[in-house]
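In full-length UniProt numbering, the protein residues as written are 1 to 509.
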């Protein structure tokens with residue numbers, strides 16, 4: 001296909017004067033003028049190519065008319081010379097003529113064309129390509145590199161000196177018949193350096209990429225539209241099937257990790273910081289954790305929520321049914337608890353509306369209680385009460401299958417079952433750590449009945465002394481159990497954890 005220069009010229013016709021872009025050629029390529037290629041074809045003819053349809057019939061098929069073809073030098077016939085019925089003027093399709101092009105010019109003026117001369121087709125508007133290859137290093141000045149600049153970059157790259165010094169095959173000639181059969185090895189072909197590996201039973205040549213071309217290869221393999229931002233493994237396989245350079249795997253890993261598009265759209269990995277154990281609380285009801293469970297099915301008494309309170313030292317739980325999760329209800333139940341166990345020093349809650357209200361804030365300020373709050377959307381900070389909520393809801397689900405409308409009446413029995421059994425973290429039951437004795441349950445009643453032995457009678461002083469002695473023996477064991485439990489939890493949690501440090505000004509996502 002040959003190309004010709006173009007120029008804007010003025011076309012003078014009986015219907016007006018127009019400016020078009022035409023190709024400049026020494027001779028006309030064809031002696032015909034096909035008017036459909038001209039944007040002002042309709043105005044040149046002064047008529048439509050099809051007759052108007054009658055108004056009374058909309059289903060009548062259209063009559064197709066043949067397109068006229070005129071010889072060069074022969075003007076188009078006027079509408080009066082034709083036997084055809086008059087037709088409506090056609091609308092001009094294309095660009096509007098410039099205001100300066102409407103001025104009349106005499107025939108024969110340089111740079112003008114008459115209507116008898118063929119009019120070149122208009123310049124087609126170019127839409128942007130879907131895939132842009134202009135930024136790819138695929139050509140140099142319109143021609144392939146042919147190994148010139150790339151080969152020079154290979155020779156001048158200091159990181160490839162080791163590879164050049166261990167070339168086993170040069171232009172198809174092997175230096176050592178034994179070493180060339182060992183993989184991987186280096187070879188040269190056409191002045192370029194290759195790394196030869198064996199994959200799937202066949203020999204694969206990997207073109208060695210100098211450092212100045214690494215960024216281009218990584219861009220085409222991952223960030224370009226045809227790279228599709230695939231994962232690290234797929235990008236590495238795509239590159240190693242064709243290229244190699246020292247440190248290729250680490251460069252691909254760093255490039256994919258630093259890709260802004262992948263960081264914004266890819267699923268976030270489950271990378272977490274090592275677990276930081278909370279300080280051990282050894283005084284009963286020194287720190288109290290609070291949470292709200294619900295809404296649950298409404299009971300016959302109108303209860304839908306549960307206020308859960310757990311002591312950090314003894315793991316002793318309290319669960320009070322509520323009709324509404326309001327700050328006044330929480331404050332009222334807190335005062336009821338304080339009347340039995342004393343006023344706590346700290347409470348730990350999430351940032352729920354009932355815990356952040358002015359009522360509770362004034363109550364805690366009046367009683368000089370420190371209010372600790374968890375981070376937003378991070379309930380793991382209050383993991384003790386969250387774990388108890390799971391146990392409580394699982395047990396309530398079982399009893400609600402029997403009597404779903406009276407779960408609030410069954411709640412004390414569920415709490416007794418939880419308080420009676422030893423905790424894995426402490427090794428003792430919450431009841432025993434709080435009251436200094438084991439609770440007497442159904443199994444104890446059955447044992448007493450089977451043994452038929454009267455229980456020993458003790459005075460109140462003997463009971464207090466026995467409780468003191470028992471608590472002095474129990475709490476060192478509890479402290480040891482809690483420490484071991486925290487270490488075990490941290491060991492399991494830190495298996496996938498990674499310690500990361502950030503400096504001021506670092507950009508993170």
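For each residue, glycine too, the CB sits at the ideal point set by N, CA and C.
Exercise. So residue 155 is in the alpha helix (DSSP H); what residue range does that whole segment cover?
Worked result: It spans 148–156 - the alpha helix (DSSP H) in which residue 155 sits, taken as one unbroken run.
For this session: Let me know the secondary structure DSSP gives residue 19 once reduced to three states.
Result: Look at residue 19 here: in three-state DSSP terms it is strand.
Problem set entry | Among 10, 183 and 436, nearest to residue 314 - alpha-carbon criterion | Per the Cα distances, 436.
For this session: Sort out for me which residues DSSP pairs residue 170 with in a bridge.
Result: When DSSP reads this structure, residue 170 sits in a beta bridge with 173 and 188.
Problem set entry | Residue interval of the beta strand (DSSP E) (run including residue 309) | In the DSSP assignment, residue 309 falls within the unbroken beta strand (DSSP E) covering 305–311.
Problem set entry | Contact check, residue 322 vs residue 307, beta carbons under 8 angstroms | Residue 307 is positioned such that its CB atom lies closer than 8 angstroms to that of residue 322.
Exercise. Alpha carbon to alpha carbon, what distance is there between residue 249 and residue 220?
Worked result: Their Cα atoms are separated by approximately 16 angstroms.
Problem set entry | For residue 301 and residue 408, believed in contact at Cβ under 8 angstroms, the rounded distance | Between residue 301 and residue 408 the Cβ distance is about 6 angstroms, and since that is below 8 angstroms, they are a contact.
Exercise. Which one or two residues does DSSP pair with residue 4 in a beta bridge?
Worked result: Paired residues: none, contrary to the question.
Problem set entry | Inter-stretch contact (C-beta, 8 angstroms, three-pair minimum) for the stretch 152–165 and the stretch 188–202 | For the pair of segments examined, the stretch 152–165 was found to touch the stretch 188–202: the number of CB pairs separated by less than 8 angstroms reaches three.
Exercise. Can you tell me whether DSSP reads residue 224 as helix, strand or coil?
Worked result: Residue 224 falls in the coil class under three-state DSSP.
Exercise. Run through DSSP, which three-state label would residue 255 get?
Worked result: Here residue 255 sits in helix by DSSP.
For this session: Mark residue 431 as exposed unless 16 or more other C-beta atoms lie within 10 angstroms of its C-beta, in which case mark it buried.
Result: Looking at its Cβ environment, which holds 16 or more other Cβ atoms inside 10 Å, residue 431 is buried.
For this session: Give me the Cβ distance between residue 310 and residue 384, rounded to the nearest whole Å; I'm assuming they're in contact under 8 angstroms.
Result: Correct: roughly 6 angstroms between the Cβ atoms.
Exercise. Between which two residues does the alpha helix (DSSP H) harbouring residue 420 extend?
Worked result: Following the DSSP letters along the chain, one finds residue 420 inside the alpha helix (DSSP H) bounded by residues 407–420.
For this session: Kindly identify the DSSP beta-bridge partner or partners of residue 314.
Result: Beta-bridge pairing links residue 314 to no other residue.
For this session: Could you check what DSSP says for residue 289 in three-state terms: helix, strand or coil?
Result: The answer is strand: DSSP assigns residue 289 an E or B state.
For this session: Would you give the residue range spanned by the beta strand (DSSP E) that residue 229 belongs to?
Result: Note, residue 229: premise wrong, no beta strand (DSSP E); not H, not E.
Problem set entry | Buried or exposed by the 16-neighbour rule on C-beta atoms within 10 Å, applied to residue 450 | Result: exposed.
Exercise. Do residue 344 and residue 285 have their C-beta atoms within less than 8 angstroms of each other?
Worked result: Yes, the pair counts as a contact, with Cβ atoms nearer than the cut-off.
Exercise. Is residue 263 helix, strand or coil by DSSP?
Worked result: Residue 263 carries a helical assignment under DSSP once its states are collapsed to helix, strand and coil.
For this session: Following the continuous beta strand (DSSP E) through residue 203, name the residue where it begins and the one where it ends.
Result: Residues 202–208.
Exercise. Should residue 8 be labelled buried (16 or more other beta-carbon atoms within 10 Å of its own) or exposed?
Worked result: Counting the other CB atoms within 10 Å of its CB gives residue 8 a total below 16, which places it among the exposed residues.
Exercise. Taking C-alpha atoms, which residue in 387, 201, 498 and 222 lies nearest to residue 256?
Worked result: Residue 222 is the option with its Cα nearest to residue 256.
Exercise. Closest to residue 24 by CA distance: which of 3, 11 and 247 is it?
Worked result: Distance from the Cα of residue 24 is smallest, within the candidate group 3, 11 and 247, for 3.
Exercise. Candidates 389, 169 and 240: which alpha carbon is nearest residue 199's?
Worked result: When only C-alpha atoms are compared, the closest one is 240.
For this session: State the DSSP-derived secondary structure class of residue 299, mapped to helix, strand or coil.
Result: Of the three classes helix, strand and coil, the one that applies to residue 299 here is coil, per DSSP.
For this session: Report buried or exposed for residue 439, applying the criterion of at least 16 other Cβ atoms within 10 angstroms of its Cβ.
Result: Classification of residue 439: exposed, given that the 10 Å Cβ count is below 16.
Exercise. Buried or exposed: where does residue 324 fall if 16 or more other Cβ atoms within 10 Å of its Cβ makes it buried?
Worked result: By the 10 Å Cβ count, residue 324 comes out exposed.
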